[in-house]
Amino acid sequence: MKSISQVVQSTPASGIRRFFDIVSAMEDVLSLGVGEPDFDTPWRVREACIYSLERGRTHYTSNYGTIELRRAISDYLMRREGVEYNPENQILVTVGVSEGMDLAMRAIMNPGDEIIVPEPCFVSYKPCVMFAGGTPVPIPSYAEDGFAVKPEQIRSAITDKTKAVLIGYPSNPTGAIASRETLEEIVRIASEHDLYIISDEIYDRLTYDGKHTCVPTLPGAYERTILLNGFSKAYAMTGWRIGYAAASPEIIEHMMKIHQYTMMCAPIMAQVGALEALQSGDHDSDEMIEQYAQRRRVIVKGLNDAGLDCLMPGGAFYVFPSIKRTGLTSDEFCERLLFEERVATVPGNAFGECGEGHIRCSYATSLDRISQAVERIARFVAGL
Ligand SMILES: Cc1ncc(COP(=O)(O)O)c(C=O)c1O
9 MKSISQVVQS TPASGIRRFF DIVSAMEDVL SLGVGEPDFD TPWRVREACI
59 YSLERGRTHY TSNYGTIELR RAISDYLMRR EGVEYNPENQ ILVTVGVSEG
109 MDLAMRAIMN PGDEIIVPEP CFVSYKPCVM FAGGTPVPIP SYAEDGFAVK
159 PEQIRSAITD KTKAVLIGYP SNPTGAIASR ETLEEIVRIA SEHDLYIISD
209 EIYDRLTYDG KHTCVPTLPG AYERTILLNG FSKAYAMTGW RIGYAAASPE
259 IIEHMMKIHQ YTMMCAPIMA QVGALEALQS GDHDSDEMIE QYAQRRRVIV
309 KGLNDAGLDC LMPGGAFYVF PSIKRTGLTS DEFCERLLFE ERVATVPGNA
359 FGECGEGHIR CSYATSLDRI SQAVERIARF VAGL
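Per the numbering used here, the sequence shown runs over residues 9 to 392.
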C-alpha cells in the first residue's frame, strides 16, 4: 500500500481524545473534561426544528446558508457589536466554527505560509494550519501575565512567510480574555505587515467581566479580519454543528468556493435551529451564562483552597490552574487524578507546550458535581 499523507501522519491525535477514550471505559467518573455545555439546547430551538421537519424542510439550501439566517446573523452582529456585514455576500454559514476555521485557512494560505498562533490554544488550531499546507508558529503565554499574549512577541515572530495571526478570546483552555489595548496593538501589527487576522469568537457571549471586544470593530481591523462564531457554546448547540464566518466579500467568496465543493451547505435543520436561537434564544443563553458565572467562582475558590494556583478567568467555561507545586507533570497529574479519585481533567500540554504544568477543568457541569470534583481534587493533592 502507498503511504498516507505525511502531514496527517505527523499530526498527533488530539490530547483530549486520547484521554477521553480512557474515561469512556470507566464508571463513576466526575468529568471536568469536556468543553461542552451540560445544558440541552433550549426547547424553543428544538421545537422550531421539529416543526420545520414536519413541514418537509429537508432540502439543500443556498451554499451560503439560508438568507433568513444570514440576515439574522447580520442583525445580531450589528445589534450586539455595531459591525456591519452584508448578508448577501459577507456571511457564510458553516458546519460549526470548526469548518469555518478550516475554510479560512485554506482560503488564504499557500504552501509554506506561516500563521502565528498564541498558545495555549484550542487543540484544532495548529492541525488546521498544517492540513491547509501551512506552518503554525506558536507564541507562548504564561499565567504570570494572565495568559495574555504579548503583541511584541507576535511582532518578533513575523517573517516574510507570515500570512495571518490566529487568535481566540475568550480562550479555550485558559478562559483568558485579551484587553482592548492588546487587541488594538495586534491589529496595528497586522496592518503594518499586511497580515490577515482570524478571530475565533465562539465564546463572545461568555464574557463575565466587562464587554467582549469584537476584533473587526477595532480601527483598521475590518478588512483584514475573518470573524468566526457559532452556536455551540452560547446556545448549547454543540451537536447541531452550526456556525458562521463574516469577512470581506472577497474572502467570503473564496471560502464559499471550498465549502461549495466539499460541504455544499450546512444542514438545513441546524440552520432553522440557529435562526430560532438568534431570534428568541437570548434569554435562554443569558440564563446559562449566569449559571456559568456562579460556577466559575465556586471552582476557582475550590481549586485555590485545594492548593492549586488558579486565576479567575474572564470568559468561556474553563479554568487552567497550575499543578507545578505538586511536582507532577500535567499527564501524571491527570492520569493519577483519574485513576485514584475518578475526576477527569485535561493535561495542559494538550493545548501547547507552554500549557505544561497546568490542567484544564471545564465548569460546564452542575454546581453539585463541581463541588464534589473539587473535594476529590483537594483530597488527591493533600495525599501527594
Ligand atoms: C475555541 C474554540 N473554537 C472552536 C470550537 C469548535 O466549535 P464548533 O462546535 O462550532 O465547531 C471550540 C469547541 O470546543 C472551541 O473551544
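From the three backbone atoms N, C-alpha and C, an ideal C-beta is built for every residue, glycine too.
Exercise. What residues match up with Leu174 in a beta bridge as DSSP calls it?
Worked result: Looking at the DSSP output, Leu174 sits in a beta bridge with Ile206.
For this session: Can you give me the Cβ contacts of Thr143 inside the same chain, cut-off strictly under 6 Å, excluding the 5 residues immediately before and after it?
Result: Taken in chain order, the residues that qualify are Glu122.
For this session: Jot down the residue ranges of each uninterrupted alpha helix (DSSP H) in the stretch 51-77, minimum 4 residues, whole runs only, in chain order.
Result: Taken in chain order, the complete alpha helix (DSSP H) segments of 4 residues or longer contained in the stretch 51-77 are 51-62.
Exercise. Are at least three pairs of beta-carbons, each pair with one atom in the stretch 311-328 and one in the stretch 360-368, less than 8 Å apart?
Worked result: Yes, they touch.
Exercise. Would the C-beta of Gly104 count as close to ligand 1, meaning under 7 Å from any of its heavy atoms?
Worked result: It does: the Cβ of Gly104 is within 7 Å (strictly closer) of some heavy atom of ligand 1.
For this session: Compute the beta-carbon to beta-carbon distance between Ile99 and Ile81, rounded to the nearest angstrom, for a pair I have assumed lies under 8 Å.
Result: Here Ile99 really is in contact with Ile81; their C-beta atoms are around 5 Å apart, less than 8 Å.
For this session: Name the residue from Gly310, Ala242, Asn357, Val351 whose alpha carbon lies nearest to the alpha carbon of Gly104.
Result: Per the Cα distances, Ala242.
For this session: Could you check if Arg26 is buried or exposed, using at least 16 other CB atoms within 10 Å of its CB as the buried criterion?
Result: By the neighbour-count rule (16 or more Cβ atoms within 10 Å), Arg26 is not buried but exposed.
Exercise. How close, in whole Å, do the beta carbons of Met113 and Cys136 come, if the pair is a contact with beta carbons under 8 Å?
Worked result: Taking 8 Å as the upper bound for CB-CB distance, Met113 and Cys136 are in contact here, some 5 Å apart.
Problem set entry | heavy atom of ligand 1 below 7 Å from Ser240 C-beta | Checking every heavy atom of ligand 1 against the Cβ of Ser240, one is found closer than 7 Å.
Exercise. Any heavy atom of ligand 1 within a distance shorter than 7 Å of the CB on Ile99?
Worked result: Ile99: no, Cβ never under 7 Å from ligand 1.
Problem set entry | Per DSSP, the bridge partner or partners of Phe237 | With the sequence shown as reference, residue 237 is identified as Asn, and Phe is not the correct amino acid for it. The secondary-structure analysis by DSSP pairs Asn237 across a beta bridge with Tyr252.
Exercise. Where does Val42 sit, in a helix, a strand or coil, going by DSSP?
Worked result: Annotated three-state conformation of Val42 is coil, per DSSP.
Problem set entry | Range of the contiguous alpha helix (DSSP H) that encloses Thr270 | Run containing Thr270: 257-270, per the alpha helix (DSSP H) assignment.
Problem set entry | Beta-ladder partner(s) of Ser8, from DSSP | Missing from the structure shown is residue 8; the chain here goes from 9 to 392 and no further.
Exercise. With respect to the beta strand (DSSP E) encompassing Ile123, which residues constitute its N-terminal and C-terminal limits?
Worked result: Run containing Ile123: 122-126, per the beta strand (DSSP E) assignment.
Problem set entry | Beta-bridge pairing of Gly360 - partner residues as DSSP gives them | Partner(s): none; Gly360 has no beta bridge.
Problem set entry | Given Gln299 as reference, the closest of Gln17, Arg54, Leu214, Arg333 once Cα atoms are compared | Gln299 has its Cα closest to that of Leu214, out of Gln17, Arg54, Leu214, Arg333.
Problem set entry | Spatially closest choice to Pro224 from Asp217, Ile234, Tyr216, by CA coordinates | Among Asp217, Ile234, Tyr216, the Cα nearest to that of Pro224 belongs to Ile234.
Exercise. Can Asn94 be considered in contact with ligand 1, in the sense that its beta carbon sits closer than 7 Å to one or more heavy atoms?
Worked result: In this structure, ligand 1 has no non-hydrogen atom nearer than 7 Å to the beta-carbon of Asn94.
Exercise. Looking at the unbroken beta strand (DSSP E) that takes in Pro181, where does it start and where does it end?
Worked result: Where Pro181 is concerned, there is no enclosing beta strand (DSSP E), given that its DSSP letter is neither H nor E.
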